[in-house]
Amino acid sequence: MAIATTVHGMRILSRKAADTASRLKNATVFSGVLSHDSTVRSRPNSYIPRLLSPRSKVVRHMDYGNLISGSAGYMKEALWGEWGRWLVLVILSLIQTFTLFLIPLANGYIVRVLAGRRPAPDVNEWGRLFLDGWKLNIITLIYLIPVILVLAVFGGIAAISAIAARGLDNPDVWASAVTAAVTGIVIAAIVWVIISFISLVAIVRFAHTGSFFQAFNLGAIARHIGRIGWGSWIVVVIILALISLVYTVVTGLIISVPVAGWIINLFIGVAFGIFRARYLAAAYESVPAPG
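Under the working numbering, the first residue of the sequence shown is numbered 2, with each subsequent residue one higher.
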């Protein structure tokens, strides 16, 4: 009898212990929920269900000031103190100009800068310079075909309208011809600006990959610009255009100095070419290139 009473008492104690443990567990869970809920409320953006949260997006901001200063520093390292290299590049630029780009050794050197070589490359491997220069010439010419076509069409219209008219002394005849010519120039300029946003990336991609055909991989070019950000890339090109405008004005003023001005501009032209190439290469390298 005593044993049965003892067993019954142990069962009661066991049930009470279980009830107590269950209450403590529920209290702990409830406390945790309250604690978690208070954390969520204090930091509402810190807890978002993964399935409901938008996919994180990396936003890259182009450092335009560093882009300009870095390109200027590269240009200085390439030429300042490297007087022999600077002089050779001036001579190559003269040869390229007087041969109407048939001997594009200077362009070949620009391709090396566009390829992102650091430090600035030496002027050597002349055969390679010649081939790369010609590839750059051809790529540039192909991208200019739409501009050439626009000029040819409107130029043809202007010429035909002038020739077909019998009264050449009539101002109205010349007005229509001039209007057609000016319209063609304006449209060609707009087309050239639009194409430039693509062609500038194309030539840098060619230089980086070493493949002529990669300059026409429009899908990869569009993806690369997308990684940079179309807005950012447009700003990059606009800044370069403004710098080019300042360069044109300055060289225009310098050229007014007899003889010396012309020689100074030769050296400045080489420096600006390296700056421009490095500027484009640095903008291109700001994001990983797509395959």
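Where is the CB? At the ideal position from N, CA and C, for every residue including glycine. In this text the structure is predicted, and so the values were computed from the model without any measurement.
Just the C-alpha distance for T210 and F217, rounded to the nearest angstrom, thanks.
12 Å
Spatial neighbours of M76 within its chain, please: CB distance less than 6 Å, with the 5 preceding and 5 following residues excluded, ordered by chain position.
A272, I275, F276
Residue environment, S94, which counts as buried when at least 16 other CB atoms sit within 10 Å:
buried
Do A107 and Y144 have their beta-carbon atoms positioned less than 8 Å apart in this structure?
no
Give the DSSP-derived three-state secondary structure of I135 in the structure shown.
One detail in the question is off: residue 135 reads as Trp in this sequence, not Ile. Helix at W135.
What residue range does the alpha helix (DSSP H) around A116 cover?
Careful: A116 lies outside any alpha helix (DSSP H) and carries neither H nor E.
Assuming contact is defined by CB atoms lying nearer than 8 Å, are L147 and I196 in contact in what I supplied?
Sequence check: residue 147 is Pro here, not Leu. Yes.
Using a Cβ-Cβ distance cut-off of 8 Å, determine whether F198 contacts chain C.
The structure shown contains no chain C, having only a single protein chain.
If distances are taken between C-alpha atoms only, which option among Y248, G128, L241 comes closest to Y280?
L241
Output needed for F155: all residues of its chain with C-beta closer than 8 Å, excluding positions within five of it in sequence on either side, in chain order.
Here the set comprises A181, A182, T184, G185, I186, I188, A189.
Mind checking L103: buried by the 16 CB within 10 Å criterion, or exposed?
exposed
Hey, how far is the Cα of L115 from the Cα of P122?
11 Å
Among the residues of its own chain, which have a CB less than 8 Å from the CB of F131, if the five just before and after it don't count?
I104, P105, L106, G109
Who are the Cβ neighbours of R228 in its own chain at under 6 Å, not counting the five residues just before and after it?
In the same chain as R228, and ignoring 5 residues on each side of it, the C-beta atoms closer than 6 Å to its own belong to V288, in chain order.
CB-CB under 8 Å to S162, same chain, minus the five flanking residues each way: which ones, in chain order?
V174, S177, A178, A181
Taking 7 Å as the cut-off, is the CB of S72 close to at least one heavy atom of the ligand GTP?
Only the bare structure without any ligand can be found here, which leaves the ligand GTP out of the picture.
Going by alpha carbons, who is nearest to T141 out of A208, V247, I255, G270?
A208
Going along the chain, which residues of its own chain have a beta-carbon closer than 7 Å to the beta-carbon of I269, five neighbours each way excluded?
Apart from sequence neighbours up to five positions away, the residues of its chain that approach I269 with a beta-carbon distance below 7 Å are T252, ordered along the chain.
Are the CB atoms of L150 and V124 nearer to each other than 8 Å?
no
Distance, Cα to Cα, T100 vs H62?
42 Å
How big is the Cα-Cα spacing for I92 and V238?
29 Å
Kindly give me the distance between the Cβ atoms of Y65 and V236, rounded to whole angstroms, as I take these residues to be in contact under 8 Å.
7 Å between Cβ atoms; contact.
Helix, strand or coil: how does DSSP classify H225 here?
helix
Quick one: using the 10 Å Cβ neighbour count with 16 as the cut-off for buried, is V205 buried or exposed?
Looking at its Cβ environment, which holds 16 or more other Cβ atoms inside 10 Å, V205 is buried.
Just confirm the distance between the C-beta atoms of I222 and W234, as a whole number of angstroms; I'd bet it's less than 8 Å.
That pair is no contact at about 11 Å.
Straight-line gap, A278 to A153 (C-alpha atoms, nearest Å):
A278 and A153 have their C-alpha atoms some 30 Å from each other.
Exposed or buried, I111, counting other C-beta atoms within 10 Å across all chains shown (16 or more means buried)?
Looking at its Cβ environment, which holds 16 or more other Cβ atoms inside 10 Å, I111 is buried.
Start-to-end residues for the alpha helix (DSSP H) that takes in W81:
Where W81 is concerned, there is no enclosing alpha helix (DSSP H), given that its DSSP letter is neither H nor E.
Where I104 sits in the DSSP three-state scheme
coil
Can you find the residues in the same chain that come closer than 8 Å, C-beta to C-beta, to F198, ignoring five residues on each side of it along the sequence?
I226, W234, I235, V238
Alpha carbon to alpha carbon, how far is T249 from A160?
Here the alpha carbon of T249 sits roughly 32 Å from the alpha carbon of A160.
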